[in-house]
Amino acid sequence: MRKIGIILTTVLVVVAFVVLSVPFAMGVWIQARYAKMLTEFNTPHLTYQLISFKRGWFQSKAQLQVTLHSAETTLNGESVPLAQFIVNQNILHGPLVRQQHLDGSKKWQFARAAVSNESHAGNLNFQSNSIWTMSNSINTDLQIGHLLLSNDRQRIEVNGLNGQIDYVPSDRHFLSNLNLVNGALYENNPEKVANNNIVDLVKVMELDHFTSHLDIHKINALWYGVRHFGAEKITIYPYGGETLTFSNLTADLNQEQHQGVTHFSLNNHIDSITNGQFKVGQIQVALKLDNMDNNLLENFAQTFMYGSDFQRFKLYPILVDMFAKGMTADLSQLQFNTDDGPVSMQMQIASLPADPSNNGLLHLLESLNIQAAANVPKEWLKKNITSYYQTKKNENPNIKMDAQQIADHLMTYWQDQHFLVPQAQQVSIAINYKNGQLLI
Numbered sequence: 004m005r006k007i008g009i010i011l012t013t014v015l016v017v018v019a020f021v022v023l024s025v026p027f028a029m030g031v032w033i034q035a036r037y038a039k040m041l042t043e044f045n046t047p048h049l050t051y052q053l054i055s056f057k058r059g060w061f062q063s064k065a066q067l068q069v070t071l072h073s074a075e076t077t078l079n080g081e082s083v084p085l086a087q088f089i090v091n092q093n094i095l096h097g098p099l100v101r102q103q104h105l106d107g108s109k110k111w112q113f114a115r116a117a118v119s120n121e122s123h124a125g126n127l128n129f130q131s132n133s134i135w136t137m138s139n140s141i142n143t144d145l146q147i148g149h150l151l152l153s154n155d156r157q158r159i160e161v162n163g164l165n166g167q168i169d170y171v172p173s174d175r176h177f178l179s180n181l182n183l184v185n186g187a188l189y190e191n192n193p194e195k196v197a198n199n200n201i202v203d204l205v206k207v208m209e210l211d212h213f214t215s216h217l218d219i220h221k222i223n224a225l226w227y228g229v230r231h232f233g234a235e236k237i238t239i240y241p242y243g244g245e246t247l248t249f250s251n252l253t254a255d256l257n258q259e260q261h262q263g264v265t266h267f268s269l270n271n272h273i274d275s276i277t278n279g280q281f282k283v284g285q286i287q288v289a290l291k292l293d294n295m296d297n298n299l300l301e302n303f304a305q306t307f308m309y310g311s312d313f314q315r316f317k318l319y320p321i322l323v324d325m326f327a328k329g330m331t332a333d334l335s336q337l338q339f340n341t342d343d344g345p346v347s348m349q350m351q352i353a354s355l356p357a358d359p360s361n362n363g364l365l366h367l368l369e370s371l372n373i374q375a376a377a378n379v380p381k382e383w384l385k386k387n388i389t390s391y392y393q394t395k396k397n398e399n400p401n402i403k404m405d406a407q408q409i410a411d412h413l414m415t416y417w418q419d420q421h422f423l424v425p426q427a428q429q430v431s432i433a434i435n436y437k438n439g440q441l442l443i
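Just so we're on the same page, the numbering used here is the position in the sequence shown counted from 1, plus 3.
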């Protein structure tokens, strides 16, 4: 009996040692790697900095400074900080942690750590729970009740954002499902800033009931995979213009790469678009971009996303080079309904193989092959021509002819020249551009 007691005591001591020492050792391991791990999540628009880390035996506490950078850049290409805020973290040490979801449910699992994040200061009401798994992935439940970030140039307002985000740093795989009740973007009113030298932030865009699903992975500087977006309503408020409203929008995007080139596809549906008196419905778009050189595409994306306004002047020659290297564009479907009838359009753009000794703009224009076709209501086309020339007349009183007369004259001329082909209440047009020659 005495031997059995000694064995049991020894086992209990070993178990107690493991139970007590392993979480402590895991805390030491986490502290040594935490700052470096955070840098893996940094982007040019969002950065994390570890302010403090207080290690305990079974749990630790950390403070992060999160900086959100504006899309604006300086002449040197440096991003402009939009806002900074502090996130308080409570880190439970593995290997056995009790994960608490934001819906109140709890689950025991093996993981390196369970992290709860909170920030409740001023216009920020944010919380999330994350699991740092044994395989080194980060699985996060996110909930933002209200978020208001601003500087003297921009303001971002978020209400009711929640969802799940999973990220695997080793293969840079990102999976997310997010839902947003409402969000808005405010920017400087350029007219008031220019005239009065004051900052006046005005609403430029608003989202209602927005959803997103991302299943993407990063190769070099580009993200590949599938993306889905949806919104009950997107409203654009142009400076001094009519409000532009998109109702019930969905968009599915897919981007893949193979043997040094990227292939991209977009399928888009919108119930209606309204802009003052202008309204169209049931918009369908299907677009493919193929054979985009990966190196040029990376350069284009980096310059567009993170370059200064001066650096963005380089986008045009990059695009020219992409077409010269065999990029193709296929707009297989663009159709929508108007009060006068349906509108449909198609377009394909390709180029002949590039001449290595001559890849400039003139050579590209000669090598491009463009085919386009459209079928539109005759009355709808006439209304838009009339509206265009009425605007021109308002800008230039020297135009004496009535805008509707100009539209009638142009419609008749184009039909006589066979640019437009009448088909009942519709007219069609076909355009072919090949070897530097335009054929209609």
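Even glycine gets a Cβ: it sits at the ideal position worked out from N, Cα and C.
Exercise. Nearest-angstrom Cα distance between TYR227 and SER173?
Worked result: By one-based count along the sequence shown, residue 227 stands at place 224. By one-based count along the sequence shown, residue 173 stands at place 170. Roughly 16 Å between the two C-alpha positions.
For this session: State the Cα-Cα distance for the pair GLN393 and ASN401, rounded to the nearest angstrom.
Result: Along the sequence shown, read from residue 1 onward, the residue named residue 393 stands at position 390. Along the sequence shown, read from residue 1 onward, the residue named residue 401 stands at position 398. C-alpha separation (whole angstroms): 12 Å.
Exercise. Does the beta-carbon of LEU164 have 16 or more other beta-carbons within 10 angstroms, so that it is buried, or is it exposed?
Worked result: On the sequence shown, position 161 is the one that residue 164 refers to. It counts as buried.
Problem set entry | Cutoff 6 Å; reference ALA375; Cβ partners in own chain excluding five residues on either side | For the purposes of this step, residue 375 is taken as residue 372 along the sequence shown, with counting starting at 1. Only MET350, ILE434 meet the Cβ criterion.
Exercise. What did DSSP end up calling TYR51 once you bin it into helix, strand or coil?
Worked result: Along the sequence shown, read from residue 1 onward, the residue named residue 51 stands at position 48. Strand.
For this session: Give the C-beta separation of ASN297 and THR265 to the nearest angstrom, bearing in mind that I take them to be a contact with Cβ-Cβ under 8 Å.
Result: Here residue 297 is taken as the residue at index 294 of the sequence shown, counted from 1. Here residue 265 is taken as the residue at index 262 of the sequence shown, counted from 1. ASN297 to THR265, Cβ: 6 Å. Contact.
For this session: Would you mind giving the Cβ-Cβ distance between PHE232 and LEU183, rounded to the nearest angstrom? I have them listed as a contact below 8 Å.
Result: Along the sequence shown, one-based indexing puts residue 232 at 229. Along the sequence shown, one-based indexing puts residue 183 at 180. About 11 Å separates the two Cβ atoms, so there is no contact after all.
Exercise. What is the rounded straight-line gap between the Cα of ALA117 and the Cα of HIS149?
Worked result: Against the sequence shown, residue 117 aligns to sequence position 114. Against the sequence shown, residue 149 aligns to sequence position 146. Taking the straight line from one Cα to the other gives about 24 Å.
For this session: Closer than 7 Å by C-beta to ASN294: which residues in its own chain qualify, once you throw out the five before and the five after it? Chain order, please.
Result: Indexing the sequence shown from 1 puts residue 294 at position 291. Once the five neighbours on either side are set aside, the close Cβ partners of ASN294 are VAL264, GLY329, MET330, THR331.
Problem set entry | Residues near SER431 by beta carbon distance below 6 Å, same chain, minus five either side | As a working note, residue 431 is residue 428 in the sequence shown. These residues qualify, in order along the chain: ASN378, VAL424.
For this session: Specify the secondary structure class of ILE33 as computed by DSSP and reduced to three states.
Result: Here residue 33 refers to the residue found at position 30 when the sequence shown is read from its first residue. Looking at ILE33 - three-state DSSP - the assignment turns out to be helix.
Problem set entry | Beta-ladder partner(s) of SER122, from DSSP | For the purposes of this step, residue 122 is taken as the residue at position 119 of the sequence shown. DSSP lists PHE129 as partners of SER122.
Problem set entry | Unbroken stretches of the beta strand (DSSP E), 3 residues or longer, contained in the stretch 180-260 | 204-222, 225-239
For this session: Consult DSSP for LYS381 and reduce its assignment to one of helix, strand or coil.
Result: Residue mapping note: residue 381 aligns to position 378 of the sequence shown, counting from 1. The answer is helix: DSSP assigns LYS381 an H, G or I state.
For this session: State buried or exposed for ALA234, treating a residue as buried only when at least 16 other CB atoms are found within 10 Å of its CB.
Result: Looking up residue 234 in the sequence shown gives position 231. Classification for ALA234: buried.
For this session: Please determine if the stretch 174-181 and the stretch 152-161 are in contact, where contact requires at least 3 C-beta pairs separated by less than 8 Å.
Result: no
For this session: Spell out a yes or no on whether the stretch 334-344 and the stretch 265-284 are touching, meaning 3 or more CB-CB pairs, one atom from each, closer than 8 Å.
Result: A contact exists between the stretch 334-344 and the stretch 265-284.
Exercise. Since SER354 contacts SER370 with CB under 8 Å, what's their CB separation in whole angstroms?
Worked result: Here residue 354 refers to the residue found at position 351 when the sequence shown is read from its first residue. Here residue 370 refers to the residue found at position 367 when the sequence shown is read from its first residue. The pair is a contact, with the Cβ atoms about 5 Å apart (cut-off 8 Å).
Problem set entry | Buried versus exposed call for ASP405 [16 or more other C-beta atoms within 10 Å across all chains shown] | Working through the sequence shown from its first residue, we reach residue 405 at position 402. Classification of ASP405: exposed, given that the 10 Å Cβ count is below 16.
Exercise. For PRO345, which residues from the same chain have a beta carbon less than 7 Å from its beta carbon, with the 5 sequence-adjacent residues on both sides left out?
Worked result: As a working mapping, residue 345 is identified with position 342 in the sequence shown. For PRO345, where only same-chain residues beyond five positions count, the Cβ hits under 7 Å are GLN338.
For this session: Run the CB neighbour count on PHE316, radius 10 Å, all protein chains shown included, and call it buried at 16 or more, exposed below.
Result: Along the sequence shown, read from residue 1 onward, the residue named residue 316 stands at position 313. Result: exposed.
Exercise. Thinking just about the alpha-carbon of each residue, which of THR70, LEU413, ALA35, ILE54 is nearest to the one in THR46?
Worked result: One-based indexing of the sequence shown puts residue 46 at position 43. With distances taken between Cα atoms, THR46 lies closest to THR70.
Exercise. With DSSP run on the structure shown, which of helix, strand or coil describes GLN305?
Worked result: Residue mapping note: residue 305 aligns to position 302 of the sequence shown, counting from 1. Residue state, collapsed to three classes: helix.
Problem set entry | Cβ shell of ILE273 (< 6 Å), same chain only, five flanking positions each side left out | Taking the sequence shown and counting its residues from 1, one reaches residue 273 at position 270. PHE249, LEU252, ILE286.
Problem set entry | Rounded Cβ spacing between LEU290 and PHE303 (contact assumed at less than 8 Å) | Here residue 290 refers to the residue found at position 287 when the sequence shown is read from its first residue. Here residue 303 refers to the residue found at position 300 when the sequence shown is read from its first residue. No, LEU290 and PHE303 are not in contact; Cβ-Cβ is about 17 Å, not under 8 Å.
Exercise. Bridge partners of VAL161, per DSSP?
Worked result: Your numbering for residue 161 matches position 158 in the sequence shown. In the DSSP output, where bridge partners are listed per residue, VAL161 has LEU150, GLY186.
For this session: Tell me whether ARG115 is buried or exposed, calling it buried when 16 or more other Cβ atoms sit within 10 Å of its Cβ.
Result: The count along the sequence shown starts at 1 and reaches residue 115 at position 112. Buried, by the Cβ-count rule.
Problem set entry | Alpha-carbon to alpha-carbon, GLN420 and LYS381 | For the purposes of this step, residue 381 is taken as residue 378 along the sequence shown, with counting starting at 1. For the purposes of this step, residue 420 is taken as residue 417 along the sequence shown, with counting starting at 1. Approximately 16 Å between the Cα atoms of the pair.
Exercise. How is the alpha helix (DSSP H) around THR320 delimited, first residue to last?
Worked result: Position 317 of the sequence shown, counted from the start, is the residue given in the question as residue 320. Before going on, a small fix: residue 320 reads as Pro here, not Thr. Boundaries of the alpha helix (DSSP H) harbouring PRO320: 318-327, taken from the DSSP string.
Exercise. If you compare alpha carbons, which of THR42, ILE134, GLU121, GLN130 is closest to LEU95?
Worked result: In the sequence shown, residue 95 corresponds to position 92, counting from 1. Minimum Cα distance to LEU95 is reached at ILE134.
Exercise. HIS261: which of TYR240, ILE276, ILE222 sits nearest, CA to CA?
Worked result: Taking the sequence shown and counting its residues from 1, the one referred to as residue 261 is at position 258. Checking every option, the nearest Cα to that of HIS261 belongs to ILE222.
Problem set entry | Per-residue DSSP class, three states only, for TRP417 | To locate residue 417, count along the sequence shown from 1; it is residue 414. Here TRP417 sits in helix by DSSP.
Exercise. Using the beta-carbon count (16 or more within 10 Å), is PRO26 buried or exposed?
Worked result: To locate residue 26, count along the sequence shown from 1; it is residue 23. So PRO26 ends up on the buried side.
Problem set entry | Residue interval of the beta strand (DSSP E) (run including ALA353) | Taking the sequence shown and counting its residues from 1, one reaches residue 353 at position 350. Segment 344-354, the beta strand (DSSP E) holding ALA353.
For this session: Below 6 Å CB to CB, which residues in the same chain sit around MET208 once its five sequence neighbours on both sides are set aside?
Result: Here residue 208 refers to the residue found at position 205 of the sequence shown. Excluding residues within five positions, the ones whose Cβ falls inside 6 Å are LEU188, ILE239.
For this session: Could you please give me the residues that DSSP links to HIS96 through a beta bridge?
Result: If you number the sequence shown from 1, residue 96 lands on position 93. Answer by DSSP bridge pairing, in chain order: ALA116.
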